[in-house]
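Numbering (my numbering), first residue to last: 163 to 944. Using N, Cα and C, we set each Cβ at its ideal position, and we do this for glycine too. This one's a predicted model, so the numbers in the text were calculated from it and none came from an experiment. Notes for the one structure printed next.
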Amino acid sequence: MPIDPFGAEPRAAARAPYDGASLQRLFNPRSIAIVGVSSRETSFGARFAANLHAFTGDLFLINPKRDTLYGRRCYPSLGALPVAPDCVIIATDLSTVEPIFEECVAAGAGGAVVIASGFAETGDAAAAAIQSRLAARAAETGVRLNGPNTIGFVHYETRCAATFLSDLAFERCWDQPREARRIGFISQSGALGFSHSQAAQRGIYFSAILTCGNAADVNVADCIAYLTADPDTAVIGCLLEGMAEPRQLEAAIAGAAAAGKPVILYKMAKGREGARAAASHTGNLAGPDDAYRSMVERAGGVFVDAYEDLLEVTAFFAKAGTPRVTGGMPAGAGARGEAAPGAGVAATEPTGAGPAGTGPAGAGPAGTGPAGAGPAGTVVIATSGGAAIMAADAAEAAGVPLPQPNAAVAATLAERIPAFGSARNPCDVTAQVINDMESLEVCIRAVLSQPDYHSVIVPHVLAYEASLPRIRLMDALAADAGKPIIVPWLTAWREGPGALQVEEARHLPFFSSMNLAFRALRLWTDWHARRAMPRGAARLSDPAAAQTAARLMTPGATLTEKTAKEVLAAYGVPVVAEEAAATAAEAAAIAARLGRPLAIKIDSPDIPHKTEVGGIALDVAPGDVAAQVQAMLARVAAAAPGARIDGVLLQPMVPKGVEIVVGATVDPAFGPLVVVGLGGVLVELLRDSVAAPAPVSAVEAEMMLRRLRGAAIFAGVRDLPAVDVAALAQVVARVSECAADHAGRIAELDVNPLICRGGEIVAVDALIVTRGAVPAAAEALA
C-alpha cells in the first residue's frame with residue numbers, strides 16, 4: 163500500500179444501519195430469557211421478571227441453583243431452554259458478561275441486553291477492551307447487542323417491559339388502543355428515555371421506548387431503522403448525546419423520511435463541557451452541534467433546540483398527519499418555484515393516516531391552486547383579545563402565515579361574532595361564541611373549510627369542567643376535516659380540567675406555550691415541504707478539479723494565497739485577479755499599467771495571517787505603490803524575521819459588498835465540514851456561523867446561509883447592496899466539494915472574505931493549510 167505523503171489515514175466508511183428485520187428478535191421478541199434472576203426481589207434480574215409479568219410471549223428464568231422462582235420454572239442454562247430465545251437479558255456484573263454472551267451465541271439467541279456498567283464509559287482500558295470484544299462478536303455472529311450500560315427497552319404491543327426500572331405504570335400505555343400508540347422514542351440516556359414513558363400519565367402513548375447505553379453494537383441509527391420498519395410507529399422521537407459515526411444517523415433518518423416517518427431529534431452535549439460529559443458517560447464522541455443540525459435536517463429529520471420541546475413536538479407530528487392544503491402559493495416559495503422552508507404541501511392523506519405521499523393520484527404540491535391565491539397558513543380562533551395578540555406575535559416570530567378569511571368564511575364569521583369581537587385572523591370570537599356550542603361549531607367548520615388553512619389554533623385560557631364538551635366537539639371537527647386543531651394551554655393550572663382530555667384527543671395537539679405551538683407548526687410545514695423537494699444534486703465542479711488541485715498541494719505546508727486561490731479557481735470559485743511582484747520597482751510598473759487603486763499583500767508561505775504583521779495595504783493609488791511596497795517589506799521583515807518573503811501581490815480593489823467567510827475543516831467524527839458565516843469582524847464578534855458535513859448541494863448551502871442570524875443582511879442594508887443568495891450558495895457548494903475531495907490533504911481551508919454584490923461573488927483572500935509531512939520512510943522510498 164503506497165504511503166500517503168499527507169499522513170492521512172484512510173477513513174473507513176461507516177457501516178449502514180442495521181435493517182429493521184435484523185433487530186426484530188431483540189426489540190420485539192416472542193421469547194425472553196433472563197440470566198441473573200435471583201430470589202432477592204430487589205436484584206436487577208428479579209425486577210426484570212416483575213416488569214415482564216404481562217409479557218405476551220414466553221418468559222424463561224435462568225438460575226442453576228433454583229427449580230422455581232416467582233411462580234415460574236428455572237432453567238440451569240440458556241442451552242437447556244426448549245427454544246432458542248429471541249432476547250436474552252444479561253442481568254449480571256461485568257466479569258460474567260462475555261461468557262454469557264457466548265452462551266447466547268451458542269443457543270441461537272436473536273439478541274442480548276447487557277445492563278452492566280463499568281465498560282468503556284469509565285475510560286479504563288481493560289473494561290473498554292471487553293466492550294470492544296463484545297462488539298466484535300456481535301458483528302461476527304449477528305447476535306445483536308443492546309448496551310452495555312443500558313436500562314433496557316419497552317415494546318408496548320407485546321407488553322414487553324424489558325427494563326429493571328420500577329413503578330413506571332407501563333399498563334397506562336399498553337392498555338390504550340393500538341392506533342393511539344404512534345410514537346417510538348429512542349434515547350442514549352436510559353433514565354431520560356424512560357422519563358418520557360411517564361408522559362402516558364398525561365395522555366401521550368408510545369409504541370416503543372428504546373435506550374442504547376454505550377451502544378457497543380446497536381446504536382441510535384439502528385434503533386431509528388428498527389422503528390422505521392415497525393408498523394406501530396408513525397413518528398420517532400430521539401434524544402441524542404453524540405455518535406462516533408454520525409453519518410450512520412444521516413442514513414437512518416433519510417430512510418425514515420423516505421418511509422414517511424419524521425424523526426424529531428434533540429441533541430445535548432452542545433458545548434465543550436457537555437461534550438466532555440458525554441464522552442465520560444457513554445464513551446461516544448459528541449460532534450459539533452451545528453453540524454448535527456445541518457445533517458439531520460438535510461436527511462429529512464426535525465431538529466429541536468430545547469429538551470423541553472422534544473416530546474410536545476413529537477406528539478404534534480404524531481397527531482397532525484399531512485398538511486391538507488388545496489390551493490395557494492407555498493409560504494416562502496422562491497421565484498424559481500422551489501419549495502422553501504415554511505411551505506405547505508397538498509393533502510395526500512387524512513390526519514392520522516399512514517406515510518405521506520400515499521394518497522390519491524393527482525394530488526399535487528401547494529401552489530397548483532387558483533392563480534392569485536394567498537399563502538398557506540393557519541387561523542387563530544381565540545376567546546381572549548390578549549390571546550389573539552399573543553398568537554399574532556408568535557406567528558410572526560416563527561414565520562407562520564396568518565391568511566385572512568376568504569369572503570365566504572368572513573361572512574359566516576361576521577354573522578356569529580359580536581361587534582365587539584373580530585372576524586379577522588387572528589379571530590377574537592369572544593366568550594359569547596365559545597359558550598354557544600352551535601356558533602362555535604359553525605365558526606370552526608367555516609375556517610376548516612378554507613382551502614389554504616392547514617390547521618386551526620384555539621388557545622385554551624381557563625381550565626374548567628365546562629370546557630370538556632367543547633374539547634370533544636373540536637376533536638370531532640378536526641377528525642372530519644382532516645386538519646389538526648392546535649390547543650396552546652395558556653392557563654397556569656397545568657393539570658387542570660381539560661388538559662388530559664386534550665392530550666388524549668387524537669386530533670388536538672397540546673402545547674404548553676403559544677410560541678412552541680407556532681414553532682412546531684413551522685417545523686411541520688417545513689418537513690413536508692422538504693419531502694416534496696427533489697433529492698440529490700449533481701456535482702457543480704469539474705471532476706478533473708481534484709487532480710488539478712492535488713498537484714498544487716504540498717504536504718505539511720501553508721499554501722501561499724496565490725496558490726490557495728488557484729486551488730479554489732480549479733473548483734470554479736471566482737477569485738480576484740492578481741499579479742505578483744518581487745520588488746518595489748516591479749510593483750510600480752504593474753500599478754502604472756493597471757492604472758487603478760490596488761490592494762497590496764505580502765506574498766509569503768510562512769505568514770498565513772498578513773494583517774498581524776502589517777502585510778496588507780488597501781486602496782493604494784498607482785503612484786504610491788512603490789513607497790508602500792518598500793515600507794511593507796521592511797515592516798514585515800522586522801515583524802517576522804524568519805519568514806520567507808517572495809514579494810507582494812497586487813490586486814484591483816473590489817467594490818464594497820457583504821463579506822462572507824467560507825471555511826472547511828476535518829472533524830474526527832463527521833469527516834470534512836464546511837462552515838459559512840458573516841465575514842470581517844462580524845464572524846469574530848458575533849460567531850454567527852453554520853456548519854454542515856461536506857459536500858453540500860447548492861440548495862443545502864442556501865439553507866445554511868438562510869440560517870445565519872444575520873441573514874437579513876442579504877436583502878441589502880444601508881450602503882451594502884443586496885446579495886443573490888442562490889449565486890452565493892453555488893460558491894459555498896463548490897468550496898464544500900473541494901473540502902470533501904481533499905479531506906485527507908487539507909487540515910484547514912479559509913476563504914475570508916468572499917465579497918458579494920448582487921450576483922457578483924469574488925474571493926479576495928484564501929488560506930489552505932495541508933496535513934502532515936513526508937515521513938522519512940517515504941523519502942527513502944522516493
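P244 by DSSP, collapsed to three states: which one? Counting from one through the sequence shown, the residue named residue 244 turns up at place 82. In this structure, P244 counts as coil in the three-state DSSP scheme.
Per the contact definition of three or more C-beta pairs closer than 8 Å, is the region 686-705 in contact with the region 548-557? Flag = no, the region 548-557 and the region 686-705 do not touch.
Taking the C-alpha atoms as reference points, what is the distance between E264 and P247? In the sequence shown, the residue the question calls residue 264 occupies position 102. In the sequence shown, the residue the question calls residue 247 occupies position 85. So the alpha carbons of these two residues sit roughly 14 Å apart.
For A544 and A550, believed in contact at Cβ under 8 Å, the rounded distance: Sequence index remark: in the sequence shown, residue 550 carries index 388 (1-based). Sequence index remark: in the sequence shown, residue 544 carries index 382 (1-based). A550 to A544, Cβ: 4 Å. Contact.
Mind pulling the alpha helix (DSSP H) runs of 4 or more residues that sit fully within the region 351-417? Within the region 351-417, the complete alpha helix (DSSP H) runs of at least 4 residues are 352-359 and 382-391.
Using only alpha-carbon positions, find the residue among R684, P650, I647 and A625 that is nearest to P659. The count along the sequence shown starts at 1 and reaches residue 659 at position 497. With distances taken between Cα atoms, P659 lies closest to A625.
Note down, in chain order, each residue of its chain lying with its Cβ closer than 6 Å to the Cβ of F478, except the 5 sequence neighbours on either side. Position 316 of the sequence shown holds residue 478. Sequence-distant Cβ neighbours of F478 in its own chain, meaning closer than 6 Å and more than five residues away, are P671 and A682.
Return the CA-CA distance between G309 and V259, expressed in angstroms with no decimal places. Residue numbering aside, residue 309 sits at position 147 when the sequence shown is read from its first letter. Residue numbering aside, residue 259 sits at position 97 when the sequence shown is read from its first letter. The alpha-carbon atoms of G309 and V259 are separated by roughly 11 Å.
Since H622 sits in a beta bridge, which residues does DSSP pair it with? Looking up residue 622 in the sequence shown gives position 460. W651, per the DSSP bridge assignment.
When DSSP builds the beta bridges, which residues end up paired with C900? On the sequence shown, residue 900 is found 738 positions in, with the first residue counted as 1. Under DSSP, C900 shares a beta bridge with no residue.
Measuring alpha carbon to alpha carbon, tell me which residue in S201, R869, K429 and A420 is nearest L354. Counting from 1 along the sequence shown, the entry for residue 354 is found at position 192. The residue from S201, R869, K429 and A420 with its alpha-carbon nearest to that of L354 is K429.
Below 8 Å, how does it come out for the region 317-326 and the region 380-390: are there three or more Cβ pairs, yes or no? Fewer than three pairs of CB atoms, one per stretch, sit closer than 8 Å, so the region 317-326 makes no contact with the region 380-390.
Alpha helix (DSSP H) runs contained entirely in the region 191-220, provided each spans 4 or more residues: Within the region 191-220, the runs of alpha helix (DSSP H) at least 4 residues long that lie entirely inside it are, in chain order, 206-213.
Are the CB atoms of L256 and A195 nearer to each other than 8 Å? As a first step, residue 256 must be located in the sequence shown, where it is residue number 94. As a first step, residue 195 must be located in the sequence shown, where it is residue number 33. If you check the CB distance, L256 and A195 do not come in under 8 Å.
Check this for me: beta carbons of D850 and G839, under 8 Å apart or not? As a working mapping, residue 850 is identified with position 688 in the sequence shown. As a working mapping, residue 839 is identified with position 677 in the sequence shown. Between D850 and G839, the CB-CB gap stays under 8 Å.
Excluding five sequence neighbours on each side, which residues of the same chain lie with their C-beta closer than 6 Å to the C-beta of F832? By one-based count along the sequence shown, residue 832 stands at place 670. Scanning its chain for C-beta atoms nearer than 6 Å, with the 5 sequence neighbours on each side dropped, one finds around F832 the residues P408, G449, A453 and P855, in chain order.
To which residues does DSSP link Q892 through a beta bridge? As a working mapping, residue 892 is identified with position 730 in the sequence shown. Under the DSSP definition of a beta bridge, Q892 lacks any partner.
Identify the residues that DSSP records as bridge partners of Y615: which are they? Locating residue 615 in the sequence shown gives position 453, counting from the first residue. According to DSSP, Y615 shares a beta bridge with G539.
Going by other Cβ atoms of all chains shown within 10 Å of its Cβ, with 16 needed for buried, is S351 buried or exposed? On the sequence shown, residue 351 is found 189 positions in, with the first residue counted as 1. Its Cβ being crowded by 16 or more others within 10 Å, S351 is buried.
How many whole angstroms separate the CB atoms of R344 and A480, which I take to be in contact at a CB cut-off of 8 Å? Taking the sequence shown and counting its residues from 1, one reaches residue 344 at position 182. Taking the sequence shown and counting its residues from 1, one reaches residue 480 at position 318. Confirmed, about 4 Å.
Do D912 and A891 have their CB atoms nearer than 8 Å? Walking along the sequence shown from the start, residue 912 turns up at place 750. Walking along the sequence shown from the start, residue 891 turns up at place 729. If you check the CB distance, D912 and A891 do not come in under 8 Å.
Tell me the DSSP secondary structure of P834 in three-state form. What you label residue 834 is simply residue 672 of the sequence shown in a count that begins at 1. If DSSP states are grouped into helix, strand and coil, P834 belongs with the strands.
Whole-number beta carbon distance between V276 and I292, since they are thought to touch under 8 Å: Within the sequence shown, residue 292 is the residue found at index 130, counting from 1. Within the sequence shown, residue 276 is the residue found at index 114, counting from 1. About 10 Å separates the beta carbon of I292 from that of V276, a gap too long to meet the 8 Å contact definition.
Would you mind stating whether V267 and T303 have Cβ atoms separated by less than 8 Å? The sequence position of residue 267 within the sequence shown is 105, counting from 1. The sequence position of residue 303 within the sequence shown is 141, counting from 1. Inclusion of V267 and T303 in the CB contact set at 8 Å is warranted, their separation being smaller than that value.
Here's the rule I'm using: 16 or more other beta-carbon atoms within 10 Å means buried, otherwise exposed. How should E740 be labelled? For the purposes of this step, residue 740 is taken as residue 578 along the sequence shown, with counting starting at 1. By the neighbour-count rule (16 or more Cβ atoms within 10 Å), E740 is buried.
Assign M865 to one of two classes, buried (16 or more other C-beta atoms within 10 Å of its C-beta) or exposed (fewer than that). Along the sequence shown, one-based indexing puts residue 865 at 703. Around the beta carbon of M865, 16 or more other beta carbons lie within 10 angstroms, which makes this residue buried.
Please report how far the alpha carbon of R498 lies from the alpha carbon of G920, in whole angstroms. As a working note, residue 498 is residue 336 in the sequence shown. As a working note, residue 920 is residue 758 in the sequence shown. The predicted model places R498 with a pLDDT of 28, which falls under 50 and marks its position as unreliable; any figure quoted below should be read in that light. Computed Cα separation, rounded: 17 Å.
Quick one: residues in its chain with C-beta nearer than 6 Å to the C-beta of E500, no 5 flanking neighbours on either side, listed in chain order? Looking up residue 500 in the sequence shown gives position 338. With a pLDDT of 33 at E500, under the threshold of 50, the modelled position of that residue is not reliable, and no figure is offered here.
What's the gap between the Cα of R758 and the Cα of A783? For the purposes of this step, residue 758 is taken as residue 596 along the sequence shown, with counting starting at 1. For the purposes of this step, residue 783 is taken as residue 621 along the sequence shown, with counting starting at 1. Cα to Cα, the separation comes out at about 7 Å.
If you draw a straight line from the alpha carbon of D181 to that of Y318, how long is it in whole angstroms? In the sequence shown, the residue the question calls residue 181 occupies position 19. In the sequence shown, the residue the question calls residue 318 occupies position 156. If you take the alpha carbons of D181 and Y318, they lie about 21 Å apart.
Which whole-angstrom value is the C-beta distance of R486 and G644, which I expect to be below 8 Å? Within the sequence shown, residue 486 is the residue found at index 324, counting from 1. Within the sequence shown, residue 644 is the residue found at index 482, counting from 1. With a Cβ gap of about 5 Å, R486 and G644 count as contacting.
Beta-carbon separation (whole angstroms), S359 vs T395, contact threshold 8 Å: Taking the sequence shown and counting its residues from 1, the one referred to as residue 359 is at position 197. Taking the sequence shown and counting its residues from 1, the one referred to as residue 395 is at position 233. Contact flag wrong, Cβ pair sits at about 15 Å.
Among residues of its own chain, excluding the 5 on either side of A711, which ones have a beta-carbon nearer than 6 Å to its beta-carbon? Walking along the sequence shown from the start, residue 711 turns up at place 549. In its chain, beyond the 5 residues on either side, V729 and A732 have a beta carbon closer than 6 Å to the beta carbon of A711.
Nearest-angstrom Cα distance between E899 and E203? Position 737 of the sequence shown, counting from 1, holds the residue named residue 899. Position 41 of the sequence shown, counting from 1, holds the residue named residue 203. Distance between the alpha carbons of E899 and E203: 59 Å.
Cβ separation of G819 and I917, assumed to be a contact under 8 Å, to the nearest whole Å: Counting from 1 along the sequence shown, the entry for residue 819 is found at position 657. Counting from 1 along the sequence shown, the entry for residue 917 is found at position 755. So it is a contact: roughly 4 Å between Cβ atoms.
Would you be able to state if there are at least three C-beta pairs under 8 Å between the region 800-811 and the region 766-780? Yes, the region 766-780 is in contact with the region 800-811.
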